[in-house]
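Enquirer: Here's a structure for you.
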Amino acid sequence: MNFIFSTFASIRIIKANRMSNLEKISNTYKQIIKETQGKLTEVKKRIYRISTIRVLLFIAGVTGVIYFFSAGWLAICSVIACTFVPFLALVKHHNRLFYKKDYLEKKIEVNQQELSAIDYNFSAFDDGKEFINSAHLYSYDLDLFGNNSLFQYINRTSTLFGKNLLADWFNNHLKNKDLIEKRQEAVRELAPELRFRQRFRILGLLYKGDISDGEKIKEWAESKSLFKENRFLRTLTYIVPAVNFIILALAIAGIVSFNLLGASFVFFVICSMRLSNRITKVQISYGKKLQILTTYAGLIEMIEKLETKSKALQEVQQMLGKNEKSASVAVNKLAKLMNALDQRNNILVTALLNGFLFWELRQIIKIESWKEEHADKLPVWLAAVGEIDALCSLSTFAYNHPGYNYPVIKNKPFALKVTEMGHPLMNRSKCIKNDVDIPKRPYFVIITGANMAGKSTYLRTIGVNYLLACIGSPVCAKEMEIYPAQLITSLRTTDSLTDNESYFFAELKRLKLIIDKLENKEELFIILDEILKGTNSMDKQKGSFALIKQFMSLNANGIIATHDLLLGSLIDHYPEDITNYCFEAEVKDNELNFSYLLKNGVAQNMNACFLMKKMGIAVIDN
342 MNFIFSTFAS IRIIKANRMS NLEKISNTYK QIIKETQGKL TEVKKRIYRI STIRVLLFIA
402 GVTGVIYFFS AGWLAICSVI ACTFVPFLAL VKHHNRLFYK KDYLEKKIEV NQQELSAIDY
462 NFSAFDDGKE FINSAHLYSY DLDLFGNNSL FQYINRTSTL FGKNLLADWF NNHLKNKDLI
522 EKRQEAVREL APELRFRQRF RILGLLYKGD ISDGEKIKEW AESKSLFKEN RFLRTLTYIV
582 PAVNFIILAL AIAGIVSFNL LGASFVFFVI CSMRLSNRIT KVQISYGKKL QILTTYAGLI
642 EMIEKLETKS KALQEVQQML GKNEKSASVA VNKLAKLMNA LDQRNNILVT ALLNGFLFWE
702 LRQIIKIESW KEEHADKLPV WLAAVGEIDA LCSLSTFAYN HPGYNYPVIK NKPFALKVTE
762 MGHPLMNRSK CIKNDVDIPK RPYFVIITGA NMAGKSTYLR TIGVNYLLAC IGSPVCAKEM
822 EIYPAQLITS LRTTDSLTDN ESYFFAELKR LKLIIDKLEN KEELFIILDE ILKGTNSMDK
882 QKGSFALIKQ FMSLNANGII ATHDLLLGSL IDHYPEDITN YCFEAEVKDN ELNFSYLLKN
942 GVAQNMNACF LMKKMGIAVI DN
């Protein structure tokens with residue numbers, strides 16, 4: 342008795358500690374919001390003050406120029422130096438303050454989203470609905486994508502590269518022990534790095550990416566260097582400034598007239614205009630897409646500076662380089678070149694620079710030179726950004742769930758042992774947790790039970806936690822041991838009107854796929870809900886018996902939920918390889934009660950007739 346009391350006391354202490362940790366996390370988010378709001382208020386005040394000063398300087402400058410117009414150029418230049426020059430300097434400072442304001446506002450938004458997510462409101466995050474695929478081995482059955490999905494719950498990516506990679510991890514889970522453990526190590530290391538993860542996300546969110554970004558950058562990287570490869574154009578970038586310099590020197594020496602310098606200037610301006618249209622086409626095609634590299638330069642620099650011990654994170658850093666030719670330095674250089682080229686929008690400045698230096702042509706050649714040196718590395722750099730982005734999502738999930746645990750990955754097939762397992766999307770205060778144990782191969786767990794007793798939820802709980810374990814994430818369980826075989830499910834078969842397929846035929850196709858994979862010696866973990874539910878009870882029973890026997894002959898592992906209590910008799914044929922569990926429903930005070938707790942054996946109580954009677958549907962008793 343003392344042992345029982347002690348056990349319950351320990352459970353209460355563990356739950357209290359978990360809640361305490363969760364409260365600490367919530368308080369951390371709240372504190373960040375509070376501090377950021379204070380900084381935001383101060384920045385807004387500075388923006389207002391600078392805006393006021395700019396207006397006053399502009400008015401003073403215009404007034405001063407008008408007032409001293411007759412006093413000569415010296416007075417006018419003095420007015421300009423005292424008003425318009427500070428005005429332009431404040432414009433640049435003003436822009437920096439606006440960026441800071443946007444950053445702080447986004448920081449508040451990000452932390453408010455995390456507070457909502459802790460309370461199971463994760464509607465602010467991308468749900469990845471474009472990845473829904475009813476033919477997938479398991480994602481459709483487990484509701485991995487779409488509204489209120491597991492992907493939406495976990496997804497914190499801020500780049501399209503990260504989002505696509507995270508979705509790929511969901512759709513193609515790892516099946517190698519070493520790879521899973523390597524990713525676990527990275528997630529463990531990034532989980533406490535709240536400041537890094539949030540800054541990474543905010544920087545990514547400040548640029549609203551487009552689905553075509555990656556392809557556009559790749560297209561530009563693979564395109565020909567139209568200007569740099571032209572020897573005549575390259576030569577012009579040296580000839581034009583040389584000619585202007587020589588004429589200027591001769592004019593200063595009094596050998597030629599300054600008018601000749603003016604004539605050469607006009608000539609070169611006209612010549613440059615013939616090239617401007619071609620340069621404009623290049624800028625319009627790729628300029629905007631390449632500007633996103635300014636954002637990615639900041640993300641890349643963060644990755645490079647991250648102090649890490651995990652092998653996976655170190656490999657990402659190696660993808661970026663760690664010397665003076667690192668990715669961030671290179672990408673920043675390109676961003677500066679692109680920004681400099683944007684100055685051509687100022688017609689007066691462009692005319693001056695082109696007339697003396699053929700400046701536009703020089704800039705586009707510099708950009709093409711950069712491309713030839715670094716273009717092959719761009720996809721690798723963007724992949725590195727996506728890798729960290731996806732890892733940050735899993736790490737945030739780990740951080741927000743201090744009560745979750747990392748599974749132990751086994752290298753000997755088959756093993757699945759989980760204690761106190763719950764579904765991560767179910768409210769922690771209402772979530773009923775159960776165990777599962779599949780110790781060897783072949784082995785099947787058969788779940789029987791009444792309607793609404795919890796069978797389907799239990800299957801999805803197993804499937805979701807199995808997936809989380811295989812992508813390197815912590816799981817909603819006290820303990821978990823797992824051998825990472827390929828997950829495959831059949832929980833939600835649908836008719837196909839487009840393919841003229843019946844429900845039953847669609848189910849048979851899925852079962853045939855499973856058999857084919859097993860016959861090809863693929864290692865599978867199978868989860869099935871109501872085998873052959875599209876046919877009559879007699880066929881269903883015979884077919885179910887035959888199917889499970891075939892699974893056994895093919896050394897398969899899995900869990901099957903069914904209403905057919907006779908399937909529980911299969912344990913007589915495979916006493917060492919099958920276990921029966923059930924979810925029972927109890928009638929108390931003329932009401933159905935569900936414990937949602939897994940019990941040993943075959944279900945004894947069914948509730949279909951009871952529910953029909955409760956709803957006023959006639960049931961004939963024999």
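To convert a position in the sequence shown, counted from 1, into this note's numbering, add 341. Don't be surprised by glycine CBs; every beta carbon is placed ideally from N, CA and C.
1) Beta-carbon separation of Leu-381 and Gly-804 under 8 Å?
2) From what residue to what residue does the beta strand (DSSP E) around Tyr-922 run?
3) Count the other C-beta atoms from every protein chain shown that fall within 10 angstroms of the C-beta of Leu-838, then say buried if there are 16 or more, exposed otherwise.
4) Please classify Ile-593 as buried or exposed, where buried requires at least 16 other C-beta atoms within 10 Å of its C-beta.
5) Do you know whose CA, among Thr-920, Ser-566, Lys-371 and Lys-442, lies nearest Ile-779's CA?
6) Just tell me which of Ser-669, His-514 and Phe-697 has its CA closest to the CA of Leu-964.
7) Please list, in chain order, all residues of the same chain as Ser-797 whose beta carbon is under 6 Å from its beta carbon, the five residues on each side excluded.
8) In its own chain, which residues sit with a C-beta less than 6 Å from the C-beta of Ala-668, not counting the 5 before and 5 after it?
9) What does the alpha-carbon distance come out to for the pair Tyr-799 and Ala-818?
10) Of all the options Leu-616, Val-584 and Ile-620, which has the alpha carbon lying nearest to the alpha carbon of Ala-604?
11) Can you tell me where the beta strand (DSSP E) holding Leu-757 begins and where it ends?
12) Return the CA-CA distance between Ser-480 and His-514, expressed in angstroms with no decimal places.
13) Rounded to the nearest angstrom, how far is the Cβ of Gln-891 from that of Ile-856, given a contact under 8 Å?
14) Could you tell me the distance, in whole angstroms, from the CA atom of Lys-565 to the CA atom of Leu-520?
15) Applying the criterion that 16 or more other CB atoms from any shown protein chain within 10 Å of the CB defines a buried residue, is Met-953 buried or exposed?
16) Who does Met-893 pair with in a DSSP beta bridge?
17) If you draw a straight line from the C-alpha of Gln-945 to the C-alpha of Lys-518, how long is it?
18) Put Phe-886 into one of helix, strand or coil per three-state DSSP.
19) Are there 16 or more other CB atoms within 10 angstroms of the CB of Ile-558, so buried, or fewer, so exposed?
20) Taking only the alpha-carbon atoms, compute the straight-line gap between Val-759 and Ser-894 and give it to the nearest angstrom.
21) For Ile-706 versus Val-623, is the C-beta distance shorter than 8 Å?
22) Going by DSSP, name the residue or residues bridged to Phe-439.
23) Return the CA-CA distance between Asp-836 and Gly-795, expressed in angstroms with no decimal places.
24) What's the gap between the Cα of Lys-569 and the Cα of Met-614?
25) May I ask you to report which of helix, strand or coil DSSP gives Val-943?
26) Which ranges would you report for the alpha helix (DSSP H) in the region 396-438 if only whole runs of at least 4 residues count?
27) Are the beta-carbon atoms of Gln-681 and Thr-635 separated by less than 8 Å?
28) Would you mind reading off the limits of the alpha helix (DSSP H) that contains Tyr-481?
29) Under the rule that 16 or more other beta-carbon atoms within 10 Å means buried, what is Asp-683, buried or exposed?
30) Helix, strand or coil for Ser-361, going by three-state DSSP, please let me know.
31) Look up Ser-831 in the DSSP assignment and give the residues it is bridged to.
32) Sorted by chain position, which residues of the same chain lie with C-beta nearer than 6 Å to Ala-716's C-beta, five sequence neighbours on each side aside?
33) In three-state DSSP terms, what is Thr-498?
34) When the Cα of Ser-651 is compared with those of Glu-534, Ile-729, Lys-385 and Ala-527, which residue comes out closest?
35) Can you give me the C-alpha to C-alpha distance between Val-607 and Phe-573, rounded to a whole angstrom?
36) Rounded to whole angstroms, what's the CA-CA distance from Ser-831 to Glu-864? Just pull it up for me.
Expert: According to the structure shown:
1) It is not a contact, given that the beta carbons lie outside the stated cut-off.
2) Taken as a continuous stretch (DSSP letters only), the beta strand (DSSP E) holding Tyr-922 covers 919-924.
3) For Leu-838, the predicted structure reports a pLDDT of 39, less than 50, and the residue's modelled location is therefore unreliable. A value from the coordinates is still provided. Result: exposed.
4) Exposed is the call here.
5) Between Ile-779 and the set Thr-920, Ser-566, Lys-371 and Lys-442, the nearest pair of CA atoms involves Thr-920.
6) It is not possible to answer for residue 964, since the shown part of the chain is limited to 342 through 963.
7) Asp-870.
8) Within the same chain, Ala-668 has close Cβ partners Ile-641, Leu-661, Gly-662 and Trp-722.
9) About 13 Å.
10) The candidate whose alpha carbon is nearest that of Ala-604 is Val-584.
11) Per DSSP, Leu-757 belongs to the beta strand (DSSP E) from 757-762.
12) Going from the Cα of Ser-480 to the Cα of His-514 covers about 11 Å.
13) That pair is a contact at about 7 Å.
14) Distance from the CA atom of Lys-565 to the CA atom of Leu-520, rounded to whole angstroms, is 39 Å.
15) With a pLDDT of 45 at Met-953, under the threshold of 50, the predicted position of this residue should be treated as unreliable, though the coordinate-derived value follows. Classification for Met-953: exposed.
16) DSSP, once it has assigned bridges, lists no residue as partnering Met-893.
17) Taking the straight line joining both Cα atoms gives about 40 Å.
18) DSSP places Phe-886 within a helical segment (H, G or I) once states are collapsed to three.
19) Per the 10 Å Cβ criterion, buried.
20) Taking the straight line joining both Cα atoms gives about 26 Å.
21) Against a cut-off of 8 Å, the Cβ pair of Val-623 and Ile-706 comes out as no contact.
22) Bridge pairing for Phe-439: absent [DSSP].
23) For Asp-836, the pLDDT reaches just 44, beneath the cut-off of 50, and the residue's location in the model is therefore unreliable, although a value from the coordinates is still provided. Per the coordinates, the alpha-carbon of Asp-836 lies some 24 Å from the alpha-carbon of Gly-795.
24) Near 18 Å, if we compare the C-alpha coordinates of Met-614 and Lys-569.
25) In this structure, Val-943 counts as coil in the three-state DSSP scheme.
26) Whole alpha helix (DSSP H) segments, 4+ residues: zero.
27) The sequence given here places Ala at residue 681; Gln does not occur at that position. 8 Å or more divides the Cβ of Ala-681 from the Cβ of Thr-635.
28) Segment: none, Tyr-481 is in no alpha helix (DSSP H) and carries neither H nor E.
29) Asp-683 is classed as exposed because its beta carbon has fewer than 16 other beta carbons within 10 Å across all chains shown.
30) DSSP, read as helix, strand or coil, puts Ser-361 in helix.
31) Per the DSSP secondary-structure output, Ser-831 pairs in a beta bridge with Leu-869.
32) Counting only Cβ-Cβ distances below 6 Å, and skipping sequence neighbours, we find Ala-562.
33) Coil.
34) Comparing Cα-Cα distances from Ser-651 to each of Glu-534, Ile-729, Lys-385 and Ala-527, the minimum goes to Ala-527.
35) Taking the straight line from one Cα to the other gives about 20 Å.
36) Take the alpha-carbon of Ser-831 and the one of Glu-864: they are about 17 Å apart.
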